[in-house]
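**Q** Structure below; questions to follow.
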Amino acid sequence: MSSHSLPPPSADSTGNASGPLSAPTSTGDASAQSSHDGLASMQRSFASAPGGNTSAPEPITFRKGDAHQSQCQLSQRPAKPKAPDTQLIYNPDTMPEIIPPPINPDTLGLPPVLKHVSWTRAAPFKEEGFARNVSDSIGNNYSPMAQDLNIISMSMIPPRPRSHASLASHTPHEKTLGILEANAPSYAESRPMSPLARIKDSYPPLSAPAKFQAAAQPDPYDPEALLLSHQLTPEQRYWYYVHRGIPNEVVPELDSIATANMEAMIPAFLRHSELLNDIKQLLLSEAKETHQTALKRSILDYILLDDKERRRLGIPYPRGGSDLQYHPRIVRAPVPWHHSVVSARQAMEKILFITNPVMRKLLNISEEFGQNKVVDCSYFVPAVVPLDVIEFRHVFKRQCDEFSKKVKDEWLPAVAGMFFSTKEQWYAMATTNPDSDAGFRLLDSFFKSVATLMSNQIWTMVASALDDFEKFIAKFESSSGSSQQSEPIFAVNVVVSGSQIRFEPPLSELELAVAQVMDDICSVARRVPKIETKLFTSLQNENIILPSSGVDGERVAEARFVRGVLSRSAQSPQKHLLGYDKFKSLLSHKAEKRVEEFLRDNHELEEYEVEIQKLLKLVEDIAASPSIARFNMIQIDCNLLKTELTVKAKGLVQQLVDQIADLNRKTNQSICGQGYPRGIYAMREAPRQTSTLT
385 MSSHSLPPPS ADSTGNASGP LSAPTSTGDA SAQSSHDGLA SMQRSFASAP GGNTSAPEPI
445 TFRKGDAHQS QCQLSQRPAK PKAPDTQLIY NPDTMPEIIP PPINPDTLGL PPVLKHVSWT
505 RAAPFKEEGF ARNVSDSIGN NYSPMAQDLN IISMSMIPPR PRSHASLASH TPHEKTLGIL
565 EANAPSYAES RPMSPLARIK DSYPPLSAPA KFQAAAQPDP YDPEALLLSH QLTPEQRYWY
625 YVHRGIPNEV VPELDSIATA NMEAMIPAFL RHSELLNDIK QLLLSEAKET HQTALKRSIL
685 DYILLDDKER RRLGIPYPRG GSDLQYHPRI VRAPVPWHHS VVSARQAMEK ILFITNPVMR
745 KLLNISEEFG QNKVVDCSYF VPAVVPLDVI EFRHVFKRQC DEFSKKVKDE WLPAVAGMFF
805 STKEQWYAMA TTNPDSDAGF RLLDSFFKSV ATLMSNQIWT MVASALDDFE KFIAKFESSS
865 GSSQQSEPIF AVNVVVSGSQ IRFEPPLSEL ELAVAQVMDD ICSVARRVPK IETKLFTSLQ
925 NENIILPSSG VDGERVAEAR FVRGVLSRSA QSPQKHLLGY DKFKSLLSHK AEKRVEEFLR
985 DNHELEEYEV EIQKLLKLVE DIAASPSIAR FNMIQIDCNL LKTELTVKAK GLVQQLVDQI
1045 ADLNRKTNQS ICGQGYPRGI YAMREAPRQT STLT
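For the sequence shown, position 506 matches number 890 in the numbering used here, and the numbering has no gaps at all.
Encoded structure:
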């Protein structure tokens, strides 16, 4: 064990012993004379104590430079007859009034348990030099030989046989405590020791000291030890360190939980009596003092387990002990959360009714019914999609209505049947209570808990349906334009509206439709009646529904996730629509105006041909553009747009062709209008010459 210990009592020059101080060292003649005066004064103050000596003190001389001999080795006078065994009973008459001077104990080399800066302050940590990780301390619980065993070295050290002899050689407490039996139990080498047997063999049970054994003989060459042995008995030294050596501030006070437990054992008529307040305060102060003394004794008993400390302090640890033995490994420490756990359990039993068997049966019914789905997204197979917005919402609306019908026709009747079969378990709350009003209030609280549980169950299924729907929508999201789904689910047409090209229906209506589907899913849980309407005839016509809870309102009202997926999925169709910008001249009447301006002027037939070829090229480009464009979630149908653009382009071509035909007709008419009449007139006359005929 380490050197963490209590210092022996010493004396100052005024004759007052300094409580938790180290013994003075002989640093010179002046210090020796001062120590001699202090010891003489201590002898005079202890003259009336049992075991004291009333004779004059003998001269004390110190060996200069020997600091070790200045330590006070407290022991009994060897010449006195052996005193009878003393019990550890504190007697104020035998306790000297020694007031220590106000000295900072942090500067006196005290053990860490007595220092104000100690981490634990109320329990010694004499093994802090042997600190190890939690995983490395597992073996120490089974055997001292495994105290240095760690995870890293386990694979490097080959296994070796264990025996009782090797185990017994590592039990230092046997020599220190002296409380093991002389004949230790022997175990066969072929039979391994159990963990409990190893703990008992390595850590023998401790007991509170009952008797002091005979003190060690004092050193005849140490006059200071001989002098102090006349004045203090082992019992007095023990109680001195209990009351003077350990400061009160390092010992925790009696907590409020322990005080409340003690007060709970007193009958109520005595606990609330004003006449007994003084007695109650007196008993409480006595309990606090006893608690403080017990903790100090525990600290001192732990320090006295070290053989070096017992020899230095001159307090021989007794052999044997009381019948109330305890084992340090199985002591349960008080926990601050005990009352919180008890109050929480009572709340669960009397407010939430979790322990009621009806609740367990209700959970079993809900677990069986929970296999049903509010919506089934597997309906949207490639053979069914794409759908327009109205059909898409109609599918989910039909599924939600079917689930609501199952809730009313299957789940609620099953729960009502269970309540009818277990009526004696829940209706007894109202009938067996002496106060009928209190009984019905308790029954009302029970049904509120039932309604909350059923609401949580139905909203759990709704939340699962929302998760499935969001996962179904998320499958169509992809940055590259291709989705995990083979076919899109929405069918959108591209139409001409005036001079603009737009989607029909607009993409904003897709977001609205998806948000409405989520609201339809949540509406399933908003219209479920309470079970009381099925049990009590007076409530059958009442519109009492389960409380709405369990789903985030923003998740459904705003539908940020699905709206975000749709907005990102609409980017590719918007880009595809930009490919028709080169045909916007046909829609904005620019091409028509250009043709009209062309027709106002006179042009050759070749110029007409060039203009017609331009328009026919537009018609070919329109026909070459895809009629169906498939993206992540949306399928675009461009047939209506292509038909409209083709009609407009062909109409312009027809205008040019009609203009050419009109010009040719006029030319033919002009030709025919001038030569034809002359020919007819010439044919009417008889030719006079052959040249005229030809």
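Each residue gets a CB set at the ideal place from its N, CA and C atoms; glycine is no exception.
By how many angstroms is the C-alpha of Ile738 removed from the C-alpha of Ala814?
**A** The count along the sequence shown starts at 1 and reaches residue 814 at position 430. The count along the sequence shown starts at 1 and reaches residue 738 at position 354. Straight-line Cα distance between these residues: approximately 18 angstroms.
**Q** By the three-class DSSP mapping on this structure, what secondary structure does Val759 have?
**A** Mapped onto the sequence shown, residue 759 falls at position 375. Residue state, collapsed to three classes: coil.
**Q** Taking DSSP as the reference, what is the three-state secondary structure of Pro631?
**A** To locate residue 631, count along the sequence shown from 1; it is residue 247. Correct three-state label for Pro631: coil.
**Q** Does DSSP put Arg1014 in a helix, in a strand, or in coil?
**A** The count along the sequence shown starts at 1 and reaches residue 1014 at position 630. Reduced to three states, the DSSP call for Arg1014 is strand.
**Q** Are the segment 728-745 and the segment 823-840 touching by the rule of at least three beta carbon pairs closer than 8 angstroms?
**A** As far as the Cβ criterion goes, the segment 728-745 touches the segment 823-840, which means the pair count is three or higher.
**Q** Provide the residue span of the alpha helix (DSSP H) that contains Glu990, from first to last.
**A** The residue you call residue 990 lines up with position 606 of the sequence shown. Unbroken alpha helix (DSSP H) run through Glu990: 989-1008.
**Q** Just to confirm the assignment, what range does the alpha helix (DSSP H) spanning Ala954 have?
**A** Start at 1 with the first residue of the sequence shown, and residue 954 comes out as number 570. No alpha helix (DSSP H) holds Ala954; DSSP gives it neither H nor E.
**Q** Is it the case that the segment 966-984 contacts the segment 881-895, given that we only count it when at least three CB pairs across the two stretches are under 8 angstroms?
**A** Contact between the segment 881-895 and the segment 966-984 is present, because at least three Cβ pairs lie under 8 angstroms.
**Q** Which term fits Asn986, buried or exposed, when burial requires 16 or more other beta carbons within 10 angstroms of its beta carbon?
**A** Your numbering for residue 986 matches position 602 in the sequence shown. Result: exposed.
**Q** For Val876 and Leu1024, which I take to be in contact (beta-carbon distance under 8 angstroms), what is that distance rounded to the nearest angstrom?
**A** In the sequence shown, counting from the first residue as 1, residue 876 sits at position 492. In the sequence shown, counting from the first residue as 1, residue 1024 sits at position 640. Rounded, the Cβ-Cβ distance is 11 angstroms, inconsistent with contact.
**Q** Rank Gly823, Val799, Val725, Asn756 by C-alpha distance to the C-alpha of Gln783 and give the top, closest one.
**A** Counted from its first residue, the sequence shown places residue 783 at position 399. Of the candidates Gly823, Val799, Val725, Asn756, the one whose C-alpha sits nearest the C-alpha of Gln783 is Asn756.
**Q** Under a Cβ-count criterion, where at least 16 other Cβ atoms within 10 Å of its own Cβ denotes burial, should Gln1073 be classed as buried or exposed?
**A** Start at 1 with the first residue of the sequence shown, and residue 1073 comes out as number 689. That one is exposed.
**Q** By the DSSP assignment, the alpha helix (DSSP H) with Ala909 in it spans what residues?
**A** On the sequence shown, position 525 is the one that residue 909 refers to. Segment 891-910, the alpha helix (DSSP H) holding Ala909.
**Q** Below 8 angstroms between beta carbons: does that hold for Ile1006 and Ala954?
**A** The residue given as residue 1006 occupies position 622 in the sequence shown. The residue given as residue 954 occupies position 570 in the sequence shown. No. Outside cutoff.
**Q** Per DSSP, what are the beta-bridge partners of Asp1021 in this structure?
**A** As a working note, residue 1021 is residue 637 in the sequence shown. According to DSSP, which records beta bridges pairwise, Asp1021 is partnered with Asn877, Ile1012.
**Q** Leu771 by DSSP, collapsed to three states: which one?
**A** Stepping through the sequence shown from its first residue, residue 771 is reached at position 387. Reduced to three states, the DSSP call for Leu771 is strand.
**Q** Taking only the alpha-carbon atoms, compute the straight-line gap between Met649 and Pro818 and give it to the nearest angstrom.
**A** Position 265 of the sequence shown, counting from 1, holds the residue named residue 649. Position 434 of the sequence shown, counting from 1, holds the residue named residue 818. Using only the alpha carbons, I get a separation of about 27 angstroms.
**Q** Measuring straight from C-alpha to C-alpha, what distance separates Gln457 and Arg628?
**A** Numbered from 1 along the sequence shown, position 73 holds the residue referred to as residue 457. Numbered from 1 along the sequence shown, position 244 holds the residue referred to as residue 628. Low per-residue confidence applies at Gln457: pLDDT is 34, beneath 50, and the placement is therefore not dependable, though the value from the model is reported in the following sentence. Their backbone Cα atoms lie some 18 angstroms apart in a straight line.
**Q** I need the boundaries of the beta strand (DSSP E) containing Arg696, first residue and last residue.
**A** Along the sequence shown, read from residue 1 onward, the residue named residue 696 stands at position 312. No beta strand (DSSP E) holds Arg696; the alpha helix (DSSP H) holding it covers 691-697.
**Q** So Glu752 is in the alpha helix (DSSP H); what residue range does that whole segment cover?
**A** The sequence position of residue 752 within the sequence shown is 368, counting from 1. Its alpha helix (DSSP H) spans residues 741-753.
**Q** Using DSSP with H/G/I as helix, E/B as strand and the rest coil, what is Glu831?
**A** The residue labelled residue 831 in the question sits at position 447 within the sequence shown. This sequence places Phe at residue 831; Glu is not what is there. Looking at Phe831 - three-state DSSP - the assignment turns out to be helix.
**Q** Quick check on the burial criterion: 16 or more other C-beta atoms within 10 angstroms. Buried or exposed for Ser956?
**A** Position 572 of the sequence shown, counted from the first residue, corresponds to residue 956. Under this definition Ser956 is a buried residue.
**Q** Write down the C-beta distance between Leu999 and Gln1043 rounded to the nearest angstrom, noting that I regard them as a contact closer than 8 angstroms.
**A** Along the sequence shown, one-based indexing puts residue 999 at 615. Along the sequence shown, one-based indexing puts residue 1043 at 659. No, Leu999 and Gln1043 are not in contact; Cβ-Cβ is about 13 angstroms, not under 8 angstroms.
**Q** What does a CB cutoff of less than 6 angstroms around Ser788 pick up in its chain, not counting 5 residues either side in sequence?
**A** Residue 788 sits at position 404 when you count from the first residue of the sequence shown. Result list for Ser788: Val908, in chain order.
**Q** Provide the residue(s) that pair with Arg886 in DSSP beta bridges, ordered along the chain.
**A** Stepping through the sequence shown from its first residue, residue 886 is reached at position 502. Its beta-bridge partners are Val879.
**Q** Does DSSP classify Ile1044 as helix, strand or coil?
**A** For this step, residue 1044 is matched to residue 660 along the sequence shown. Three-state result, Ile1044: helix.
**Q** For the segment 773-805, list the alpha helix (DSSP H) runs that are entirely contained and at least 4 residues long, ordered along the chain.
**A** Entirely contained in the segment 773-805, the alpha helix (DSSP H) runs reaching 4 residues are, in chain order, 773-790, 796-805.
**Q** In three-state DSSP terms, what is Pro700?
**A** Here residue 700 corresponds to residue number 316 of the sequence shown, with the count starting at 1. Correct three-state label for Pro700: coil.
**Q** Pull up the distance between the alpha-carbon of Leu1002 and that of Ala1033, whole angstroms please.
**A** If you number the sequence shown from 1, residue 1002 lands on position 618. If you number the sequence shown from 1, residue 1033 lands on position 649. Their Cα atoms are separated by approximately 7 angstroms.
**Q** According to DSSP, simplified to helix, strand and coil, what is Ile928?
**A** Residue mapping note: residue 928 aligns to position 544 of the sequence shown, counting from 1. Three-state result, Ile928: coil.
**Q** Identify every residue that forms a DSSP beta bridge with Pro913.
**A** Residue numbering aside, residue 913 sits at position 529 when the sequence shown is read from its first letter. The partner list for Pro913 (beta bridge, DSSP) reads Ile929.
**Q** Which word fits Ala1045, buried or exposed, when buried means at least 16 other C-beta atoms lie within 10 angstroms of its C-beta?
**A** The sequence position of residue 1045 within the sequence shown is 661, counting from 1. It counts as exposed.
**Q** If you measure between the beta carbons of Ile915 and Leu796, is that distance less than 8 angstroms?
**A** In the sequence shown, the residue the question calls residue 915 occupies position 531. In the sequence shown, the residue the question calls residue 796 occupies position 412. Closer than 8 angstroms, so yes.
**Q** What is the C-beta distance between Asn1048 and Phe860, in whole angstroms, given that I count them as a contact (C-beta under 8 angstroms)?
**A** Along the sequence shown, one-based indexing puts residue 1048 at 664. Along the sequence shown, one-based indexing puts residue 860 at 476. Actually they are not in contact, since the Cβ atoms of Asn1048 and Phe860 sit about 58 angstroms apart, beyond 8 angstroms.
**Q** Does the beta-carbon distance from Pro1010 to Pro872 come in below 8 angstroms?
**A** If you number the sequence shown from 1, residue 1010 lands on position 626. If you number the sequence shown from 1, residue 872 lands on position 488. Their beta carbons are not under 8 angstroms apart, which means Pro1010 does not touch Pro872 by this criterion.
**Q** Would you please state the rounded distance, in angstroms, between the beta carbons of Leu697 and Ala671? I believe it to be under 8 angstroms.
**A** Position 313 of the sequence shown, counted from the start, is the residue given in the question as residue 697. Position 287 of the sequence shown, counted from the start, is the residue given in the question as residue 671. About 29 angstroms separates the two Cβ atoms, so there is no contact after all.
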